[in-house]
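Taking it in order: structure first as structure tokens, then the write-up.
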């Protein structure tokens with residue numbers, strides 16, 4: 381998972397050279413319900429790694445429970461995982477609620493949400509988030525409906 385870049389993490393990243401990568405064991409304390417939980421995790425820190433798509437360099441900080449991680453493949457592997465999680469989130473956003481017990485209506489809504497999701501994935505995924513895509517479709521339909 382992404383790690384919030386607090387002062388400790390920023391200090392570690394600042395000590396790295398551009399394009400340098402390292403992993404560290406990070407000890408932490410968590411105060412929850414008047415109980416202190418101590419633990420440790422592995423952090424992968426990557427300094428100014430070029431994102432080929434945006435042509436910008438970023439500092440990356442990941443927390444993982446895996447002790448053996450390949451720092452050369454961690455960014456693509458996490459991006460792949462994020463795409464999967466984003467897909468599930470989009471499915472949740474696309475779900476149309478219905479209290480109808482009529483299977484024809486429920487099936488229609490299911491098919492409609494699948495078509496919307498497929499259109500977004502095939503045509504607009506790189507350009508706009510799913511919610512923005514839905515709002516733009518709504519505005520277009522509304523404008524067409526109200527045309528003289």
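In this note's numbering, the protein residues as written are 381 to 528. All residues carry an ideal CB built from backbone N, CA and C; glycine is no exception.
Check: Under a Cβ-count criterion, where at least 16 other Cβ atoms within 10 Å of its own Cβ denotes burial, should residue 540 be classed as buried or exposed?
Finding: Nothing about residue 540 can be read from this structure; the chain reaches only from 381 to 528.
Item checked: Pairwise C-alpha distance: residue 502 and residue 480 -> Against the chain shown, residue 480 aligns to sequence position 100. Against the chain shown, residue 502 aligns to sequence position 122. Rounded to whole angstroms, the gap between the alpha carbons of residue 480 and residue 502 is 30 angstroms.
Check: Should the segment 439–451 be regarded as contacting the segment 422–431, the criterion being three or more beta carbon pairs within less than 8 angstroms?
Finding: Between the segment 439–451 and the segment 422–431 there are three or more C-beta pairs closer than 8 angstroms, enough to call the two in contact.
Notebook entry, point to check: Taking C-beta to C-beta, are residue 403 and residue 422 nearer than 9 angstroms?
Noted result: Taking the first residue of the chain shown as 1, we reach residue 403 at position 23. Taking the first residue of the chain shown as 1, we reach residue 422 at position 42. It is a contact, given that the beta carbons lie within the stated cut-off.
Notebook entry, point to check: How would you label residue 485, buried or exposed, when you count the other beta carbons within 10 angstroms and need 16 or more for buried?
Noted result: Counted from its first residue, the chain shown places residue 485 at position 105. Exposed, since its Cβ has fewer than 16 Cβ neighbours within 10 Å.
Next item on the list: Just tell me which of 483, 461, 494 and 523 has its CA closest to the CA of residue 472.
Entry: Counting from one through the chain shown, the residue named residue 472 turns up at place 92. Of the listed residues, the one whose Cα sits closest to residue 472 is 494.
Checklist line | Residues near residue 452 in its chain [Cβ-Cβ closer than 8 angstroms; skip 5 each side] | finding: Within the chain shown, numbered from 1, the residue matching residue 452 stands at position 72. Result list for residue 452: 401, in chain order.
Check: Do you know offhand how far residue 386's Cα is from residue 392's?
Finding: On the chain shown, position 6 is the one that residue 386 refers to. On the chain shown, position 12 is the one that residue 392 refers to. Roughly 10 angstroms separates the two Cα atoms.
Checklist line | Cβ shell of residue 504 (< 7 angstroms), same chain only, five flanking positions each side left out | finding: The residue labelled residue 504 in the question sits at position 124 within the chain shown. Excluding positions up to five away in sequence, the list reads 513.
Check: Can you tell me where the beta strand (DSSP E) with residue 404 in it begins and where it stops?
Finding: Indexing the chain shown from 1 puts residue 404 at position 24. Boundaries of the beta strand (DSSP E) around residue 404: 401–412.
Next item on the list: Would you kindly work out how many angstroms separate the C-alpha atoms of residue 388 and residue 457, rounded to a whole number?
Entry: The sequence position of residue 388 within the chain shown is 8, counting from 1. The sequence position of residue 457 within the chain shown is 77, counting from 1. Cα to Cα, residue 388 sits roughly 25 angstroms from residue 457.
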